[in-house]
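Undergrad: In the numbering used here, the protein residues as written are 555 to 818.
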Amino acid sequence: MPELPEVERARKLAETHLTGRRICAVTTKADPIVYTGVTARRFARALTGRCVQAVRRRGKHLWFELDQRPWPTFHFGMTGSFQVYEDASQRPRFWKLELLADGMRLAFRDARRLGRIRLLDDPEREPPIGKLGFDPLLDMPELPAFAARLNHRRAPIKAVLLDQSFSAGIGNWIADEVLYQARIAPARHACHLTPDEVRRLRSTILRVIRKAVELDADNSRFPRTWLFHHRWGRNAHAVTYRGEKIIHETIGGRTTAWVPAVQT
DNA sequence: CTCAGTGTTCAGTG
DNA sequence: TCACTGAACACTGA
């Protein structure tokens, strides 16, 4: 599920149903992989009876501010999500946690178990959130600072965009989409980009992420001109909306879709 | 049966 | 120490 726009959607969902409400019951599914540094039982005890004052996000991480610390902290991995429903019989497959507040139930589910549930005293300061780089929605650096940060990175720009200690919230498809729209080849060394390419990169990150968030991460509504709709499946015949050939190769350790006719 | 995948972490290397 | 790479993790769905 989760890159920044989807985590932001999950944040709004939790905010709508939990902010200002008391968690009157917590049901957990024991899972020593997903529950990290805390048992499901202790996690449940810490949340039961607490009031949710706010739901925060940074990059792909999300946490609740409660009336008493420690606070629950979530990462969705590849397949995690929140679901809201009214009746316990609707509890989703692969559920790890269910909160009951004001008659509504909110579940955390995760089929592949790469998601993480933590219990932290100060999530924003402690790792992993404390080590994140800028969040394009919360604190995108101005152009000079952005350029300076790229300057001492020699890795392929695709790998740098995926590095959460550089920019928090960008994942594989957003990195490819941004590089396509900014017309930059993914294997280019970050420190060798021209000033105009750096400017385009920064503004394209903002534009793509703001648009995806505005559309509530509903990819069926993404503009038809986006690479997103044409990139899947490692299809040897894949082309953009303009008919330019899309190629697939591994860059920065991940499958990368890019368009040599457009990206230089 | 095999393998890629909207992700992160950590050991190993230069 | 820093920057970077590749493998491990876990498991579904094509």
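In this text, a Cβ means the ideal position worked out from N, Cα and C, and glycines have one as well.
Do residue 654 and residue 579 come within 8 angstroms of each other at the CB atom, strictly closer than that value?
TA: Counted from its first residue, the first sequence places residue 579 at position 25. Counted from its first residue, the first sequence places residue 654 at position 100. A contact, by the Cβ cut-off of 8 angstroms.
Undergrad: Taking residue 741 as the reference, which of 723, 728, 713, 794 has the closest Cα?
TA: Your numbering for residue 741 matches position 187 in the first sequence. With distances taken between Cα atoms, residue 741 lies closest to 713.
Undergrad: Grab the span of the alpha helix (DSSP H) containing residue 708 for me, first residue to last.
TA: Numbered from its first residue, the first sequence carries residue 708 at position 154. Where residue 708 is concerned, there is no enclosing alpha helix (DSSP H), given that its DSSP letter is neither H nor E.
Undergrad: Considering only the alpha carbon of each residue, which of 640, 699, 584, 607 lies closest to residue 575?
TA: Taking the first sequence and counting its residues from 1, one reaches residue 575 at position 21. The residue with the shortest Cα to Cα distance from residue 575 is 607.
Undergrad: Looking at C-beta atoms only, is the number of pairs between the region 798-806 and the region 594-603 that lie closer than 8 angstroms three or more?
TA: Judged by Cβ distances under 8 angstroms, the region 798-806 makes no contact with the region 594-603, as fewer than three pairs qualify.
Undergrad: Give the DSSP-derived three-state secondary structure of residue 585 in the structure shown.
TA: The residue labelled residue 585 in the question sits at position 31 within the first sequence. Correct three-state label for residue 585: coil.
Undergrad: Go ahead and pull the three-state DSSP assignment for residue 777.
TA: In the first sequence, residue 777 corresponds to position 223, counting from 1. Of the three classes helix, strand and coil, the one that applies to residue 777 here is coil, per DSSP.
Undergrad: Determine the burial state of residue 721: buried for a count of at least 16 other Cβ atoms within 10 Å of its Cβ, exposed for fewer.
TA: To locate residue 721, count along the first sequence from 1; it is residue 167. The residue is buried, with at least 16 neighbouring Cβ atoms inside 10 Å.
Undergrad: Let me check one thing: in DSSP terms, what residues is residue 664 bridge-paired to?
TA: For the purposes of this step, residue 664 is taken as residue 110 along the first sequence, with counting starting at 1. In DSSP, residue 664 forms a bridge with 634.
Undergrad: Using three-state DSSP, classify residue 817 as helix, strand or coil.
TA: The residue labelled residue 817 in the question sits at position 263 within the first sequence. Looking at residue 817 - three-state DSSP - the assignment turns out to be coil, as it is neither helix nor strand.
Undergrad: Taking 8 angstroms as the threshold (C-beta atoms), are residue 596 and residue 629 in contact?
TA: As a working note, residue 629 is residue 75 in the first sequence. As a working note, residue 596 is residue 42 in the first sequence. For residue 629 and residue 596, no; Cβs fall outside 8 angstroms.
Undergrad: By the 10 Å Cβ neighbour count, where 16 or more other Cβ atoms means buried, how is residue 750 classified, buried or exposed?
TA: Working through the first sequence from its first residue, we reach residue 750 at position 196. Residue 750 should be labelled exposed.
Undergrad: How is the alpha helix (DSSP H) around residue 793 delimited, first residue to last?
TA: The sequence position of residue 793 within the first sequence is 239, counting from 1. Here residue 793 belongs to no alpha helix (DSSP H), and DSSP marks it neither H nor E.
Undergrad: Between which residues of its own chain and residue 686 is the CB-CB distance below 8 angstroms, once the five residues before and five after are set aside?
TA: Within the first sequence, the letter at position 132 stands for residue 686. Only 612, 613, 615, 718, 719, 722 meet the Cβ criterion.
Undergrad: Expressed to the nearest angstrom, what Euclidean distance is found between the alpha-carbon atoms of residue 667 and residue 802?
TA: Along the first sequence, read from residue 1 onward, the residue named residue 667 stands at position 113. Along the first sequence, read from residue 1 onward, the residue named residue 802 stands at position 248. One C-alpha to the other measures close to 27 angstroms.
Undergrad: Consult DSSP for residue 627 and reduce its assignment to one of helix, strand or coil.
TA: Residue mapping note: residue 627 aligns to position 73 of the first sequence, counting from 1. In this structure, residue 627 counts as strand in the three-state DSSP scheme.
Undergrad: According to the Cβ coordinates, are residue 625 and residue 674 closer than 8 angstroms?
TA: To locate residue 625, count along the first sequence from 1; it is residue 71. To locate residue 674, count along the first sequence from 1; it is residue 120. Yes, they are a contact pair.
Undergrad: Please report how far the alpha carbon of residue 566 lies from the alpha carbon of residue 609, in whole angstroms.
TA: What you label residue 566 is simply residue 12 of the first sequence in a count that begins at 1. What you label residue 609 is simply residue 55 of the first sequence in a count that begins at 1. If you take the alpha carbons of residue 566 and residue 609, they lie about 8 angstroms apart.
Undergrad: How is residue 605 classed by DSSP in three states: helix, strand or coil?
TA: Reading the first sequence from its first residue, position 51 is the one you call residue 605. Of the three classes helix, strand and coil, the one that applies to residue 605 here is strand, per DSSP.
Undergrad: On the criterion of 16 or more Cβ atoms from any shown chain inside 10 Å, does residue 591 qualify as buried, or is it exposed?
TA: Here the question's residue 591 lines up with position 37 in the first sequence. Counting Cβ neighbours within 10 Å, residue 591 comes out exposed, since fewer than 16 surround it.
Undergrad: Which value, in whole angstroms, describes the spacing of the CA atoms of residue 556 and residue 775?
TA: Start at 1 with the first residue of the first sequence, and residue 556 comes out as number 2. Start at 1 with the first residue of the first sequence, and residue 775 comes out as number 221. Cα to Cα, residue 556 sits roughly 17 angstroms from residue 775.
Undergrad: Roughly how many angstroms lie between the CA atoms of residue 799 and residue 705, to the nearest whole one?
TA: The residue given as residue 799 occupies position 245 in the first sequence. The residue given as residue 705 occupies position 151 in the first sequence. Each residue's alpha carbon lies about 31 angstroms from the other.
Undergrad: Quick one: what's got a C-beta closer than 7 angstroms to residue 794's C-beta in the same chain, skipping five residues either side?
TA: Working through the first sequence from its first residue, we reach residue 794 at position 240. Within the same chain, residue 794 has close Cβ partners 781, 784, 800, 813.
Undergrad: Between residue 650 and residue 664, which are expected to be in contact by the criterion C-beta below 8 angstroms, what is the C-beta distance as a whole number of angstroms?
TA: By 1-based counting over the first sequence, the position of residue 650 is 96. By 1-based counting over the first sequence, the position of residue 664 is 110. Contact flag correct, Cβ pair sits at about 6 angstroms.
Undergrad: Quickly, what does DSSP pair residue 617 with across the bridge? List them, please.
TA: What you label residue 617 is simply residue 63 of the first sequence in a count that begins at 1. BP columns for residue 617 point to 610, 627.
Undergrad: Which residues mark the beginning and the end of the beta strand (DSSP E) in which residue 672 is found?
TA: One-based indexing of the first sequence puts residue 672 at position 118. Unbroken beta strand (DSSP E) run through residue 672: 670-674.
Undergrad: Please classify residue 688: does DSSP put it in a helix, a strand, or coil?
TA: If you number the first sequence from 1, residue 688 lands on position 134. In the structure shown, residue 688 sits in a strand (DSSP, three-state: E or B).
Undergrad: Compute the Euclidean distance between the alpha carbons of residue 621 and residue 657, then round it to the nearest angstrom.
TA: In the first sequence, residue 621 corresponds to position 67, counting from 1. In the first sequence, residue 657 corresponds to position 103, counting from 1. Roughly 20 angstroms between the two C-alpha positions.
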